[in-house]
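All remarks here apply to the structure that follows.
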Amino acid sequence: LPYLDAYLRECLRLYSTAPNGVLKEVPAEGPPARIGPYEAQPGAVVWAPFWGLHLSSLNWERPMHFEPERWLGHDPRTAGAMSASRCPLSAAASAIRAATGAAPITATAETTATTATTATDTAAAAIAANAAASTAAAAPAPAPAAASTEAAASTGAAAAAAASAKSIRFMPFGDGARNCVGQHLALLQLKVVLSYMAARFELRLDEARMGGVAGAIARQRVNLTLEVEGGMWMTAQPRA
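Counting in this note's numbering, the sequence shown runs from 819 upward without gaps.
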């Protein structure tokens, strides 16, 4: 089962069901979102196409290779050691997630301490710094009675920024509160159907109809979802 799960995740990484991605708006009431060297102003809409996220060499080692093993024993959202991503799209997803107050990915204290010190984790940290600077410039000096409350809020914001530093590199069903409501059912159905078919048949690409792997890839089309023009023709040889 762990390998089946890794196999499906690698399929979804290389051939995302909805590769156009998601649109996220920087909250109108709040600081700009820092995305690497760029700054998205409040109210700006940021587009993060999943294909760019899933196939970037800044996110993955050998991104165009089909390697289910990369998922074994790793966080399914970040797939391991390259989670402190240098990819602008990954930084965008993490920055908008932090700016909107979405729940960060859970990381261990050791991982958070390590990733927070790397240059690639600037997105969430910059948002917190920008927010602190804006507040300090615009607000009058707090009354002594409010000092403890503001200190607690500042500590909470810093902790959230540090926890958000682990960049998201894999989101085949979207991200945030409005992501795909049917994703868990879809994954369960995929596992049941694939295990049933693989146990009973040896599946091969119909080379004559599809023109080989290169021909099948050339016939990919993106409408709302990823499709293969004319369908994906396979042969099924019953197993002995």
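Don't be surprised by glycine CBs; every beta carbon is placed ideally from N, CA and C.
The region 1031–1039 makes no contact with the region 997–1016; the number of CB pairs closer than 8 Å stays below 3.
The beta carbon of Pro860 sits closer than 8 Å to those of Val844, Pro845, Ala846, Glu847, Gly848, Pro849 and Pro850, all from its chain and outside the five residues before and after it, given in chain order. By the C-beta criterion, the region 1016–1027 is judged not to be in contact with the region 860–875, since fewer than 3 inter-stretch pairs fall below 8 Å. Between the alpha carbons of Arg831 and Ile853 lies a gap of roughly 23 Å. The continuous stretches of beta strand (DSSP E) do not include Gln1001, which lies in the alpha helix (DSSP H) extending over residues Gln1001 to Arg1018.
Under the DSSP assignment, Arg888 falls outside any beta strand (DSSP E); it carries neither an H nor an E label. Ile986 sits in coil when the DSSP states are folded into three classes, being neither helix nor strand. In the structure shown, the three-state DSSP call for Met1028 is helix. Between Leu1042 and Pro837, the gap from beta carbon to beta carbon reaches 8 Å or more. When beta bridges are read from the DSSP output, Leu841 appears opposite Trp865. For Ser834, the CB contacts under 7 Å within the same chain, skipping 5 residues up- and downstream, are Phe868, Trp869, His872, Pro990 and Leu1044 in chain order. Its Cα nearest to that of Phe988, the residue Glu828 stands out among Gly1030, Tyr856, Leu890 and Glu828. Straight-line measurement puts the Cα of Arg880 at about 28 Å from the Cα of Gly1049. For Arg827, the enclosing alpha helix (DSSP H) starts and ends at Pro820 to Leu832. Residue environment analysis places Arg888 among the buried positions, since at least 16 neighbouring C-beta atoms fall within 10 angstroms of its C-beta. 8 Å or more divides the Cβ of Leu890 from the Cβ of Ser1013. The beta-bridge partner set that DSSP reports for Pro1056 consists of Phe1019. Across the structure, Glu857 and Asn877 are spaced so that their CA atoms are roughly 21 Å apart.
Within 10 angstroms of the beta-carbon of Ala1058 lie fewer than 16 other beta-carbons, which makes it exposed.
Per DSSP, the unbroken beta strand (DSSP E) holding Glu857 starts and ends at Tyr856 to Ala858. Leu1044: member of the beta strand (DSSP E) spanning Leu1044 to Val1046, first to last residue.
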